[in-house]
Amino acid sequence: MFYDTESNAHGMAHDPFKAIVAPRPIGWIGTKGRDGSRNLSPYSFFNAVGDKPKMVMFSSSGRKDSLRNVQETGVFTASFVSRSLLDQMNASSAAVSYETDEFTLAGLTAAAGKLVDAPYVGEAVAALECCVTKVLTLPDMDGNETDSHAVFGQVVGIHIADAMIRGGRFDLASADPIMRLGYMDYAGMGPVFELKRPSQRG
Ligand SMILES: Cc1cc2nc3c(=O)[nH]c(=O)nc-3n(C[C@H](O)[C@H](O)[C@H](O)COP(=O)(O)O)c2cc1C
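Listed below in structure tokens is the structure:
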């Protein structure tokens with residue numbers, strides 16, 4: 000089948016777009032408002048977008064509390080979502096008032112960032128501390144503003160639980176990440192395999 004996204008006439012009960020651009024990592028974004036209020040929410044429009052310097056991005060569909068906080072303070076954290084924290088991650092996505100602290104709501108420890116004044120998930124096996132470099136309200140192809148707001152951040156500090164370091168590597172299999180698919184679906188990770196680049200062969 001083929002359909003154009005203006006008509007969006009896919010004929011299915013649910014839009015398949017996010018099921019195609021999948022799996023996506025989940026950035027569990029921790030922020031603080033100017034008034035000191037804490038916020039924690041999962042974002043699957045999230046990824047690493049550069050490594051020299053290290054950069055990540057998350058995108059807010061609409062003006063949500065995390066966006067407000069990064070615009071107020073210029074910093075955020077992104078914690079790693081392991082399968083063991085799935086229920087807490089889901090709980091932290093509840094649409095609650097600005098004042099509600101999702102760390103408390105989800106029964107999580109709000110650990111203080113070492114380099115940025117933003118909280119991260121103390122129970123997470125890894126977390127990134129980030130300084131905002133740009134907030135970009137995404138333009139559409141006609142140059143009109145959309146209501147998608149991409150937040151880019153430079154990673155200034157990285158937490159890794161010592162138990163996750165095996166053989167000098169971050170052991171992703173032990174970290175057991177949860178990935179976001181389309182619909183209400185999630186997936187865990189399959190077996191890890193290595194593939195050398197063509198230039199590294201022979
Ligand atoms: C796994 C998962 C991924 C999500 N990804 C996004 C996303 O990329 N962008 C977004 O705007 N909302 C996303 N949401 C919804 C937000 O987490 C939710 O709207 C949350 O209440 C926003 O919180 P905030 O207003 O405190 O920032 C996601 C929810 C879940 C459960």
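Following numbering that gives the first Met the number 0, the numbering of the sequence shown begins with 0 at its first residue and continues without gaps. Where a beta carbon is used, it is the ideal one built from N, C-alpha and C, also for glycine. Computed from a prediction, not measured in an experiment: that's the story for all the values here.
Notebook entry, point to check: The beta strand (DSSP E) with R67 in it runs from where to where?
Noted result: Taking the first residue of the sequence shown as position 1, residue 67 is located at position 68. Looking at the DSSP string, R67 is not in any beta strand (DSSP E); the run it does join, the alpha helix (DSSP H), is 64-72.
Next item on the list: Give the range of the beta strand (DSSP E) segment to which T103 is assigned.
Entry: As a position in the sequence shown, residue 103 is number 104, starting the count at 1. Note, T103: premise wrong, no beta strand (DSSP E); alpha helix (DSSP H) at 101-104.
Margin query: Using DSSP's beta-bridge definition, name the partner residues of K133.
Written below: Position 134 of the sequence shown holds residue 133. Beta-bridge partners of K133 (DSSP): F151.
Check: Should K31 and D116 be called a contact, given that it needs their Cβ atoms to be closer than 9 angstroms?
Finding: Here residue 31 refers to the residue found at position 32 when the sequence shown is read from its first residue. Here residue 116 refers to the residue found at position 117 when the sequence shown is read from its first residue. Closer than 9 angstroms, so yes.
Check: By the 10 Å Cβ neighbour count, where 16 or more other Cβ atoms means buried, how is N38 classified, buried or exposed?
Finding: Mapped onto the sequence shown, residue 38 falls at position 39. Looking at its Cβ environment, which holds 16 or more other Cβ atoms inside 10 Å, N38 is buried.
Checklist line | alpha helix (DSSP H) runs wholly inside the stretch 153-177, at least 4 long, in chain order | finding: Runs found: 171-174.
Notebook entry, point to check: What does DSSP give as the partner residues of V55 in its beta bridges?
Noted result: To locate residue 55, count along the sequence shown from 1; it is residue 56. For V55, which the question treats as bridged, DSSP gives the partners A47, G152.
Item checked: Host beta strand (DSSP E) of K113 (start-end) -> Here residue 113 corresponds to residue number 114 of the sequence shown, with the count starting at 1. Careful: K113 lies outside any beta strand (DSSP E) and carries neither H nor E.
Note to self: Tell me the DSSP secondary structure of S198 in three-state form.
What the structure shows: As a working note, residue 198 is residue 199 in the sequence shown. It is helical.
Notebook entry, point to check: Residues in its own chain within less than 7 angstroms of Q70 by CB, not counting five upstream and five downstream?
Noted result: Counted from its first residue, the sequence shown places residue 70 at position 71. Cβ within range, chain order: V134.
Checklist line | R179 CB to nearest heavy atom of ligand 1 below 8 angstroms | finding: Here residue 179 is taken as the residue at index 180 of the sequence shown, counted from 1. Set against 8 angstroms, the gap from the CB of R179 to the closest heavy atom of ligand 1 is smaller.
Notebook entry, point to check: Does at least one heavy atom of ligand 1 sit under 8 angstroms from the Cβ of K63?
Noted result: Counted from its first residue, the sequence shown places residue 63 at position 64. Flag set: Cβ of K63 near ligand 1.
Item checked: Assigned secondary structure, R82 (DSSP; H/G/I helix, E/B strand, else coil) -> Within the sequence shown, numbered from 1, the residue matching residue 82 stands at position 83. DSSP places R82 in helix when its eight states are reduced to three.
Item checked: For I19, the first and last residue of its enclosing alpha helix (DSSP H) -> Position 20 of the sequence shown holds residue 19. Segment 16-19, the alpha helix (DSSP H) holding I19.
Notebook entry, point to check: Which of the three DSSP states, helix, strand or coil, is assigned to N89?
Noted result: By one-based count along the sequence shown, residue 89 stands at place 90. Assigned with DSSP and collapsed to three states, N89 falls in helix.
Notebook entry, point to check: Cβ atoms of P176 and N25: under 9 angstroms apart, would you say?
Noted result: One-based indexing of the sequence shown puts residue 25 at position 26. One-based indexing of the sequence shown puts residue 176 at position 177. Checking the sequence shown, residue 25 turns out to be Ile, not Asn. Yes, they are a contact pair.
Checklist line | Through-space distance from S40 to S65, alpha-carbon basis | finding: Indexing the sequence shown from 1 puts residue 65 at position 66. Indexing the sequence shown from 1 puts residue 40 at position 41. S65 and S40 have their alpha carbons spaced roughly 7 angstroms apart.
Margin query: Residues in the same chain with beta-carbon distance under 6 angstroms from A160, minus the five sequence neighbours each way, listed in chain order, please.
Written below: Here residue 160 is taken as the residue at index 161 of the sequence shown, counted from 1. Non-local C-beta neighbours of A160 in its own chain, meaning closer than 6 angstroms and more than five positions away in sequence, comprise V124, ordered along the chain.
Checklist line | Touching by the beta-carbon criterion (3+ pairs, under 8 angstroms), the stretch 177-189 and the stretch 131-151 | finding: Too few Cβ pairs lie closer than 8 angstroms, so no.
Margin query: Is Y42 a contact residue of ligand 1, with contact defined as CB to any heavy atom under 8 angstroms?
Written below: For this step, residue 42 is matched to residue 43 along the sequence shown. True, at least one ligand heavy atom lies under 8 angstroms from that Cβ.
Next item on the list: Could you tell me whether the stretch 126-141 touches the stretch 97-115, using the rule of 3 or more Cβ pairs below 8 angstroms?
Entry: Between the stretch 126-141 and the stretch 97-115, the count of C-beta pairs closer than 8 angstroms reaches three or more; the two stretches touch.
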